[in-house]
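So the structure is just underneath, and the comments pick up after that.
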Amino acid sequence: HLTLFHGRGGTVGRGGGPANRAILSQPPGSVDGSFRITEQGEMIRFKFGEPMVAVNSLGLYFNAVLEATLNPPPEPEPTWRELMDALAHRALRAYREVVRENPDFVRYFRQATPEQELGKLAIGSRPARRKAQGGVESLRAIPWIFAWTQMRLMLPAWLGSESALESALQGPERATLEDMLKGWPFFQTHLDMLEMVLAKADPDIARTYEARLVEPDLWPLGEQLRSRLLRAIASVCELKQQAALLEHAPLVAQSLRVRNPYTDPLHFLQVELLVRDRSEGEANTGTVEQALKVTMAGIAAGMRNTG
Numbered sequence: 122h123l124t125l126f127h128g129r130g131g132t133v134g135r136g137g138g139p140a141n142r143a144i145l146s147q148p149p150g151s152v153d154g155s156f157r158i159t160e161q162g163e164m165i166r167f168k169f170g171e172p173m174v175a176v177n178s179l180g181l182y183f184n185a186v187l188e189a190t191l192n193p194p195p196e197p198e199p200t201w202r203e204l205m206d207a208l209a210h211r212a213l214r215a216y217r218e219v220v221r222e223n224p225d226f227v228r229y230f231r232q233a234t235p236e237q238e239l240g241k242l243a244i245g246s247r248p249a250r251r252k253a254q255g256g257v258e259s260l261r262a263i264p265w266i267f268a269w270t271q272m273r274l275m276l277p278a279w280l281g282s283e284s285a286l287e288s289a290l291q292g293p294e295r296a297t298l299e300d301m302l303k304g305w306p307f308f309q310t311h312l313d314m315l316e317m318v319l320a321k322a323d324p325d326i327a328r329t330y331e332a333r334l335v336e337p338d339l340w341p342l343g344e345q346l347r348s349r350l351l352r353a354i355a356s357v358c359e360l361k362q363q364a365a366l367l368e369h370a371p372l373v374a375q376s377l378r379v380r381n382p383y384t385d386p387l388h389f390l391q392v393e394l395l396v397r398d399r400s401e402g403e404a405n406t407g408t409v410e411q412a413l414k415v416t417m418a419g420i421a422a423g424m425r426n427t428g
């Protein structure tokens, strides 16, 4: 008897999202009465920190495994799989075009995000980098996503999706894409998670980080990234036939509206602290670094994920 071991991160960029939706979107027959799962440490407090919350979380797992076993989802059509593969290849190409092939990307990333500061703040159990020196490829997955979450661009979770979805929506593949959204739980869950993380992104806050922290010659790259973000938002709304993100998920939208007034000021405080920390250099007494750590923890709590 085969039992799938499903390891998931807290963020969408590392497989995060509602556990019951993830279980129900597994291939037909793969959940046969049993399912093993691991949750990232940051999510344990949210899902198992209180007895009643823990019981509710376990109930969601149990119900999803039971439903997936007794009423498995339909087999996806071959054309759906083919289009999904094509979308993945297009998204990967667009992602690498920015992250690997743009010579200015690493400079922008290190200036616009608190990536440099993560290494000296002792956040997490392992070093932020596998190698002391190196580019983006030397970063571990958690700090890579953490850094973009802090400045609200959420880039690893959506970059590339804008190109993939646009190409399908503007051509003959549109009808197939719409059928996938209606009949394939895996694709539905994938798109819902993409929509949720796009709703957490804020191009205006990202622009604030850029204006204070990034050298002007890199600003065109920032404008390009924010333009890609807006294209991703437009594509998701078009495919879901809605005027705004989370139009069909009012509870999630309300949750974000409640948290944003608390997290938004932390971003502006963090930007100021980053400016001071980078200008003071060796003269930093540690007070600024401690304050930075507090803002990082607050923003991570508000976004409900670190990395």
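So for the sequence shown, my numbering puts the first residue at 122; every next one is plus one.
Don't be surprised by glycine CBs; every beta carbon is placed ideally from N, CA and C.
- Query: To which residues of the same chain is Arg142 closer than 6 Å at the C-beta, ignoring the five residues directly before and after it?
  - Reply: Thr310
- Item | Burial state of Ser435 (16 or more Cβ within 10 Å) | With the chain running from 122 to 428 in the structure shown, residue 435 is simply not present.
- Task: Helix, strand or coil for Phe359, going by three-state DSSP, please let me know.
- Result: Checking the sequence shown, residue 359 turns out to be Glu, not Phe. Reduced to three states, the DSSP call for Glu359 is helix.
- CB-CB under 7 Å to Met275, same chain, minus the five flanking residues each way: which ones, in chain order? Trp269, Val318, Lys321, Ala322
- Task: Report back the beta-carbon spacing between Thr234 and Gln271 to the nearest angstrom; my notes put them in contact at under 8 Å.
- Result: 6 Å
- Message: Check for me: the beta strand (DSSP E) holding Arg157 runs from which residue to which?
- Response: 157 to 160
- Message: Looking only at its chain, what residues have a beta carbon closer than 8 Å to the beta carbon of Pro149, apart from the 5 residues adjacent to it on each side?
- Response: Pro193, Pro194, Pro195, Glu196
- Look at the alpha carbon of Val373 and the alpha carbon of Leu367, and state the distance between them as a whole number of angstroms. 7 Å
- Item | Which listed residue (Arg157, Ser288, Leu145) has its alpha carbon closest to that of Arg184 | Per the sequence presented here, residue 184 reads as Asn, with Arg not at that position. Nearest of Arg157, Ser288, Leu145 to Asn184, Cα basis: Leu145.
- Message: Report the CB separation of Arg273 from His388 in whole angstroms; it is logged as a contact under 8 Å.
- Response: 7 Å
- According to DSSP, what are the bridge partners of Phe126? Arg157
- Query: Nearest to Arg231 by CA position, among Glu203, Glu218, Ile266, Glu401, is which residue?
  - Reply: Ile266
- Near Leu315, what residues of its chain come up, given a Cβ to Cβ distance below 8 Å and the 5 sequence neighbours on each side ignored? Val133, Ala278, Trp279, Ser282, Ala353, Val357
- Please report how far the alpha carbon of Leu260 lies from the alpha carbon of Asp385, in whole angstroms. 27 Å
- Whole-angstrom C-beta distance between Ala289 and Leu208, which should lie under 8 Å: 6 Å
- Item | Alpha-carbon spacing of Asp153 relative to Lys303, whole angstroms | 24 Å
- Query: How many angstroms separate the CA atom of Ala285 from the CA atom of Ser376?
  - Reply: 29 Å
- Query: Nearest chain C C-beta to Ala209 closer than 7 Å, yes or no?
  - Reply: Looking at the structure shown, chain C is missing, and only one protein chain is on hand.
- Please state if the CB of Thr408 and the CB of Gln391 are separated by a distance shorter than 7 Å. no
- Using 10 angstroms around the beta-carbon of Gly428, count the other beta-carbons present and answer buried if the total reaches 16, otherwise exposed. Low per-residue confidence applies at Gly428: pLDDT is 49, beneath 50, and the placement is therefore not dependable, though the value from the model is reported in the following sentence. That one is buried.
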